[in-house]
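Here is the structure we will look at, set down as structure tokens.
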Amino acid sequence: MAQDITSSSNTIGKGTTINGDIETFGNIRIDGKVIGNIKTKSKLVLGTTSHIEGNVLSQNAEIEGEVKGVVEITELLILKPSAVVHGDIVANKLIVESGATFNGECKMGVSNKTIQIGEEKANGNSNPKIEKAKAV
Numbered sequence: 244m245a246q247d248i249t250s251s252s253n254t255i256g257k258g259t260t261i262n263g264d265i266e267t268f269g270n271i272r273i274d275g276k277v278i279g280n281i282k283t284k285s286k287l288v289l290g291t292t293s294h295i296e297g298n299v300l301s302q303n304a305e306i307e308g309e310v311k312g313v314v315e316i317t318e319l320l321i322l323k324p325s326a327v328v329h330g331d332i333v334a335n336k337l338i339v340e341s342g343a344t345f346n347g348e349c350k351m352g353v354s355n356k357t358i359q360i361g362e363e364k365a366n367g368n369s370n371p372k373i374e375k376a377k378a379v
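The sequence shown runs 244 to 379 under my numbering.
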């Protein structure tokens, strides 16, 4: 059964917009727009028309579109010539093809991180970056 889950394939087509996080065990290809985080235990392919506003966590990834957020890849990340990344990259291996644009910091050779799908955060806070305003 685990083999069936990881060999599944998902596609989000051009002209489709998703507001929310995506988590999958299988491969995913996105040619549309996602406003939210993407997490997969397999391979992520972002086509030339893709636009992602959120963080990406994947085993392998190939980016041709635009990403605004942190890209964290446990194995191999390939930035194609049309790729535009506005955010930090954490990857074990990185290939940047001529023409790709990357604005952010990069950390490579990272130890293997376990990608957890469908597990809630221990503290129950879904967005730890939200801070309460202090009265002056």
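Yeah, the Cβ is synthetic: ideal placement off N, Cα and C, and Gly gets one too.
Just so you know, these numbers come straight off a predicted model, no measurement behind them.
query	result
Are the Cβ atoms of G352 and G330 separated by less than 7 Å?	no
Given K282, which residues of its chain have a CB within under 6 Å of its CB, disregarding the five upstream and five downstream residues?	E266 and L300
Apply the 10 Å Cβ neighbour rule to N262 and answer buried if 16 or more other Cβ atoms are within range, or exposed otherwise.	exposed
Quick check on DSSP: helix, strand or coil for E340?	coil
Between the Cα of S341 and the Cα atoms of I306, C349, V328 and L322, which residue gives the shortest distance?	L322
Is it buried or exposed for G308, if we count other Cβ within 10 angstroms and need 16 for buried?	buried
Does the distance from the CB of K286 to the CB of I358 come in under 7 Å?	no
At what residue ranges does the segment 272 to 311 contain a whole run of the beta strand (DSSP E), taking only runs of 3 or more?	276 to 278, 281 to 283, 286 to 289, 294 to 296, 299 to 301, 303 to 306 and 309 to 311
If you compare alpha carbons, which of G279, K276 and N335 is closest to A304?	N335
Report buried or exposed for I255, applying the criterion of at least 16 other Cβ atoms within 10 angstroms of its Cβ.	buried
Measuring only the C-alpha atoms, how far is G258 from E296?	15 Å
Less than 8 Å between the CB atoms is what I'm expecting for V328 and V314, so what's the real figure, rounded?	6 Å
In angstroms, rounded to a whole number, what distance separates the CA positions of I271 and T292?	15 Å
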